[in-house]
Amino acid sequence: MKNNLILASASPRRVDLLAAQGIIPSAIIPADIDETPVKNETPKAMVLRLAKAKALAVAANHKGSFVLAADTTVAVGRRILGKPENEAEARHFLSLMSGRNHRVWGGIALVTPSGKCITRAVETTVKFKHLSQAETDAYVASAEWQGKAGGYGIQGKAAAFVASINGSYSNIVGLSIYDTMNMLRGNGFGSDDGSAGKTTGS
Numbered sequence: 006m007k008n009n010l011i012l013a014s015a016s017p018r019r020v021d022l023l024a025a026q027g028i029i030p031s032a033i034i035p036a037d038i039d040e041t042p043v044k045n046e047t048p049k050a051m052v053l054r055l056a057k058a059k060a061l062a063v064a065a066n067h068k069g070s071f072v073l074a075a076d077t078t079v080a081v082g083r084r085i086l087g088k089p090e091n092e093a094e095a096r097h098f099l100s101l102m103s104g105r106n107h108r109v110w111g112g113i114a115l116v117t118p119s120g121k122c123i124t125r126a127v128e129t130t131v132k133f134k135h136l137s138q139a140e141t142d143a144y145v146a147s148a149e150w151q152g153k154a155g156g157y158g159i160q161g162k163a164a165a166f167v168a169s170i171n172g173s174y175s176n177i178v179g180l181s182i183y184d185t186m187n188m189l190r191g192n193g194f195g196s197d198d199g200s201a202g203k204t205t206g207s
């Protein structure tokens with residue numbers, strides 16, 4: 006159906022970002038794909054590849070719907086910082102970002118009801134202040150680093166580490182809403198009277 010939107014992600018942050026725009030996915034179906042980085046792959050290429058793979062994997066079983074997928078990673082230089090596996094790695098990631106710029110790369114993929122796949126990469130530059138040992142210790146102990154690219158979530162305690170942001174804030178949270186809405190509207194989502202899918206509000 007025209008307004009059916011399936012979100013190929015289990016991220017509650019992405020669900021909340023869409024809900025703030027009045028968009029409630031008709032289904033949330035996380036994609037089961039291999040997310041292993043490819044040797045010498047750039048952060049931009051990786052997030053585009055993974056977002057597209059997620060969207061296509063779910064769309065294969067849900068033809069006729071919009072399927073939205075995303076992937077987010079953090080990079081210091083060309084080094085990709087994924088989700089820390091333990092406290093030691095989280096601490097190391099924080100030390101790499103302390104006092105310097107890093108980039109948050111977001112890949113967005115949208116499969117339309119006709120089967121067309123559109124992708125977009127979004128880059129946001131974030132500068133952290135110099136982190137003291139006490140700040141690092143407290144953050145690692147909070148466990149907020151778990152399950153987050155780069156080992157931090159900007160909407161939590163790590164917000165106090167951010168000296169500046171250049172680019173999309175929502176991209177750091179997990180989904181650039183500006184780009185996502187442009188992709189959806191540009192491809193006909195919400196353009197008829199269908200209610201399954203769903204847009205809410207006026």
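Numbering (the numbering used here), first residue to last: 6 to 207. Every residue, glycine too, gets a C-beta built ideally from N, C-alpha and C. Fair warning: this is a prediction, and the values are worked out from it, not measured in the lab.
Per-residue burial, residue i [other beta carbons within 10 Å of its own, 16 or more giving buried]
i           : result
residue 181 : buried
residue 199 : Because residue 199 carries a pLDDT of 39, less than 50, the predicted location of this residue cannot be relied on, and no value is offered for it.
residue 44  : exposed
residue 209 : Only positions 6 to 207 of the chain appear in the structure, and residue 209 is not among them; the question remains open.
residue 93  : exposed
Proximal residues to residue i (C-beta, below 6 Å), its chain only, five neighbours per side dropped
i           : result
residue 15  : 35
residue 49  : 110, 126
residue 190 : none
Residue i vs residue j beta-carbon contact at 8 Å
i           : j           : result
residue 144 : residue 168 : no
residue 77  : residue 85  : no
residue 30  : residue 22  : no
residue 176 : residue 109 : yes
residue 52  : residue 126 : yes
residue 55  : residue 112 : yes
residue 64  : residue 116 : yes
residue 18  : residue 120 : no
Extent of the continuous alpha helix (DSSP H) run through residue i
i           : result
residue 165 : Premise fails: residue 165 is in no alpha helix (DSSP H) and is neither H nor E.
residue 52  : 48 to 64
residue 138 : 138 to 147
residue 16  : Note, residue 16: premise wrong, no alpha helix (DSSP H); not H, not E.
residue 98  : 92 to 102
Residues near residue i by beta carbon distance below 7 Å, same chain, minus five either side
i           : result
residue 57  : 114, 122, 124
residue 194 : 8, 10, 71
residue 96  : 141, 145
residue 89  : 95, 98, 150, 156
residue 153 : 88
Start-to-end residues for the beta strand (DSSP E) that takes in residue i
i           : result
residue 154 : Where residue 154 is concerned, there is no enclosing beta strand (DSSP E), given that its DSSP letter is neither H nor E.
residue 77  : 71 to 81
residue 12  : 10 to 12
residue 189 : Careful: residue 189 lies outside any beta strand (DSSP E), inside the alpha helix (DSSP H) at 182 to 191.
residue 84  : 84 to 86
Residues that DSSP places opposite residue i in a beta bridge
i           : result
residue 128 : 110
residue 170 : 131
residue 43  : None, per the DSSP bridge assignment.
residue 116 : 72, 122
Sequence-distant residues of its chain with Cβ nearer than 8 Å to residue i (five each side left out)
i          : result
residue 37 : 62
residue 60 : 13, 36, 72, 73, 74, 114, 115, 116, 122
Any non-hydrogen atom of the ligand SAM closer than 7 Å to residue i Cβ
i           : result
residue 164 : In the structure on display, the ligand SAM does not appear, and there are no ligands present to speak of.
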